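Student: In this text, residue positions in the sequence shown follow this note's numbering: the first is 30, and each later residue adds one.
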Amino acid sequence: MVTVTDEMVTAYQRDGVVLVRGLWADWVEDIREGIARNMAEPGPYAAENLKPGEGGRFFDDYCNWQRIPEFERVIRESAVAEVAARLMGSDRVQLFHDHVLVKEPGTSKPTPWHSDGPYYFVEGRQTISFWAPVDPVKEASLRCVAGSHLWEKDVLPTRWLKGESFYPDPEKYMPVPDPDAEGMRVMEWEMEPGDAVAFHYRTLHGARGNEAATRRRAFSLRLVGGDAAYVERPGRTSPPFPGHGMQPGQRLREDWFPVLRG
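(1) Per DSSP, which residues does Thr232 bridge with? Please list them.
(2) What's the gap between the Cα of Met203 and the Cα of Pro139?
(3) For the alpha helix (DSSP H) containing Phe100, name the first residue and the last one.
(4) Could you have a look at Met117 and say whether DSSP puts it in helix, strand or coil?
(5) Report all residues from its chain with a CB closer than 6 Å to the CB of Leu250; omit the five preceding and five following residues, and keep chain order.
(6) Determine the contact status of Thr136 and Gly235, defining contact as a CB-CB distance below 9 Å.
(7) Skipping 5 residues on each side, what residues in its chain have a beta carbon closer than 7 Å to that of Val112?
(8) Which first and last residues belong to the alpha helix (DSSP H) in which Val57 is found?
(9) Can you give me the Cβ contacts of Arg122 inside the same chain, cut-off strictly under 6 Å, excluding the 5 residues immediately before and after it?
(10) Would you kindly work out how many angstroms separate the C-alpha atoms of Ala213 and Ala175, rounded to a whole number?
(11) Considering Val31, what are the terminal residues of the alpha helix (DSSP H) in which it resides?
(12) Please identify the residue among Arg244, Pro186, Glu152 whose C-alpha is closest to the C-alpha of Arg86.
Printed below as a string of structure tokens:
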């Protein structure tokens, strides 16, 4: 059983991020098997996030739960929906998508600072992501800026390889800050397999490169609560979900985005 204390709920609402020890401790092997299957059989959105000459390998892929049974079992049978409901303050919990991120040993490239929300076509106060390594993590852990989910403006979404704006109107967004140089409160933890960082879609986050001699495999799951709704963006979103047919203000369609609780 995973215990979510009142202090954890308060921290999540205040900081936009909290550590959940042992969330998927009983599911580590399932997630490892799912990641191995995902890397052996990449989906249409799979990406290699290194430029020529950059050492190591940084693989990511998303939206694969329907074809990878290990992921579907973790999503539907673990306690994640109950934990999400408690942290978000929502009786309703709905699946948005899964995401795999793998940094092989010697991958010095960091994950750029960004917030996920501006890339997505969903907005709401009740949103949550879980980032869980299946390898022990020290320096390559997720790093989150406390309180950034409450900033007035969204952070400019960029393309990771090119560094250019994701949408045609960058003036709508605040520039991507440098949290270390600007003295922001950055939260990060050493983590064991199955631990998870829970964070809001608007929370600014990133990660250092993986200089360790071991892999850093992580499984991430994005969920939404009862107040989350579809919004239109000024361009193609990531993930795009072409042909979804939703209108602004609608909840995500349940046949594509299953309700896990409520």
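Beta carbons: idealized from backbone N, C-alpha and C, even for Gly.
For clarity, every value in this text was computed on a predicted model and none was experimentally measured.
Tutor: To lay it out plainly:
(1) Translated into positions along the sequence shown, residue 232 becomes position 203. Bridge partners of Thr232: none, in fact.
(2) If you number the sequence shown from 1, residue 203 lands on position 174. If you number the sequence shown from 1, residue 139 lands on position 110. Taking the straight line from one Cα to the other gives about 21 Å.
(3) Your numbering for residue 100 matches position 71 in the sequence shown. Start and end: 98-106.
(4) Counted from its first residue, the sequence shown places residue 117 at position 88. Collapsing the DSSP output to three states places Met117 in a helix.
(5) As a first step, residue 250 must be located in the sequence shown, where it is residue number 221. Here the set comprises Asp127, Phe159.
(6) As a first step, residue 136 must be located in the sequence shown, where it is residue number 107. As a first step, residue 235 must be located in the sequence shown, where it is residue number 206. Their beta carbons are not under 9 Å apart, which means Thr136 does not touch Gly235 by this criterion.
(7) Taking the sequence shown and counting its residues from 1, one reaches residue 112 at position 83. Val31, Val33, Val49, Leu52, listed in sequence order.
(8) Locating residue 57 in the sequence shown gives position 28, counting from the first residue. The continuous alpha helix (DSSP H) containing Val57 extends over residues 57-69.
(9) Translated into positions along the sequence shown, residue 122 becomes position 93. The displayed chain sequence assigns Val, not Arg, to residue 122. Closer than 6 Å at the Cβ level, and outside the excluded window around Val122, lie Ala110, Ala113, Ala114, Leu252, Leu289, Arg290.
(10) On the sequence shown, position 184 is the one that residue 213 refers to. On the sequence shown, position 146 is the one that residue 175 refers to. The amino acid at residue 213 is misidentified as Ala; the sequence shows Met. Using only the alpha carbons, I get a separation of about 8 Å.
(11) By one-based count along the sequence shown, residue 31 stands at place 2. Bounds of any alpha helix (DSSP H) do not take in Val31, whose DSSP letter is neither H nor E.
(12) Against the sequence shown, residue 86 aligns to sequence position 57. Distances from the alpha-carbon of Arg86 to those of Arg244, Pro186, Glu152 put Arg244 closest.
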